[in-house]
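First up is the structure itself, then whatever we jot down about it.
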Amino acid sequence: MKWLHRILGLPDHSEERANQISLSLQGEVTPSQPFHQLDSAMWSERTNRQMPRKSRSVSYFRPNDRFGLDLKELEKSMIQGRTLIIDLHDLLHVDTQRRALRKRIADLANNIGKPAFKIDPEGCLIVVPGTGVRVDQKQHSLGTAVWREERDEVSSPI
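In structure tokens:
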């Protein structure tokens, strides 16, 4: 096997060299060395500045005058944890564009790991839940509670 190490240019693994290498994980912190102490307050503060805080706000998006959405702003809002409401009612007469935007919104939400819901029959109003928002699809009809009494089977909105 030594010939294989020599051909590939790998270091020699002789017994003499193995005894010289220290496998100890113990060591002292030396301030003169160019290693960073990642548990120090400076690094914690720096990390907090670079990573955006999660927000629980609601953002409303509509297509612009060119019948498009700013997908970068949409993705940024999703990453920040905002609940998004996307209104595509302006595109009722442009069915192909509306379907394309719905597909892009669904793809963005799936890439981030969030579901996207259409909450009207035409599929023009889309909601992407944000951080801390739970959607109960079994007992609620996406924002409208369904109250059932024993004698009355009519649902009433909140």
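Last residue of the sequence shown? That's 152 in our numbering, and every number before it is there in order. The beta-carbon is built from N, C-alpha and C at its ideal position, and this holds for glycine as well. Only a predicted model underlies this, so the values are computations on that prediction, with no experimental measurement involved.
DSSP-derived helix/strand/coil call for residue i
{"i": "L78", "result": "strand"}
{"i": "K132", "result": "coil"}
{"i": "I120", "result": "strand"}
{"i": "K108", "result": "coil"}
{"i": "S53", "result": "strand"}
{"i": "S34", "result": "coil"}
{"i": "H87", "result": "coil"}
{"i": "I1", "result": "helix"}
{"i": "I73", "result": "helix"}
{"i": "D101", "result": "helix"}
{"i": "D93", "result": "Correcting the residue type first, residue 93 is Arg in the shown sequence and not Asp. The answer is helix: DSSP assigns R93 an H, G or I state."}
{"i": "L65", "result": "helix"}
{"i": "T41", "result": "helix"}
Nearest to residue i (by Cα), restricted to the options the options
{"i": "I79", "options": "K132, V129 and I113", "result": "I113"}
{"i": "L82", "options": "T90, E69 and R56", "result": "R56"}
{"i": "L95", "options": "L68, G75, R76 and Q74", "result": "L68"}
{"i": "V52", "options": "K70, W37 and K97", "result": "K70"}
{"i": "E116", "options": "G126, G124 and L86", "result": "L86"}
{"i": "R60", "options": "V88, A100 and S34", "result": "V88"}
{"i": "D64", "options": "L119, A110, I1 and I99", "result": "I99"}
Residues near residue i in its chain [Cβ-Cβ closer than 7 Å; skip 5 each side]
{"i": "M72", "result": "L78, L102, A103, I106, K108 and V122"}
{"i": "R76", "result": "S49, S51, V52, S53 and G124"}
{"i": "G126", "result": "R50"}
{"i": "D84", "result": "R56 and P57"}
Residue i versus residue j: straight-line alpha-carbon distance, rounded
{"i": "Q91", "j": "Q131", "result": "28 Å"}
{"i": "G62", "j": "W37", "result": "40 Å"}
{"i": "L119", "j": "R128", "result": "18 Å"}
{"i": "F111", "j": "K97", "result": "12 Å"}
{"i": "R43", "j": "L2", "result": "45 Å"}
{"i": "A35", "j": "R93", "result": "49 Å"}
6 Å CB neighbourhood of residue i in its chain, flanking five on each side removed
{"i": "Y154", "result": "The first residue shown for the chain is -5 and the last is 152, placing residue 154 beyond what the model contains."}
{"i": "K66", "result": "none"}
Residue i CB to nearest heavy atom of the ligand FAD below 7 Å
{"i": "D114", "result": "For the ligand FAD, the structure offers nothing, since it holds no ligand at all."}
Any chain D beta carbon closer than 8 Å to residue i
{"i": "F111", "result": "Within the model displayed, chain D is absent; a lone protein chain is all it includes."}
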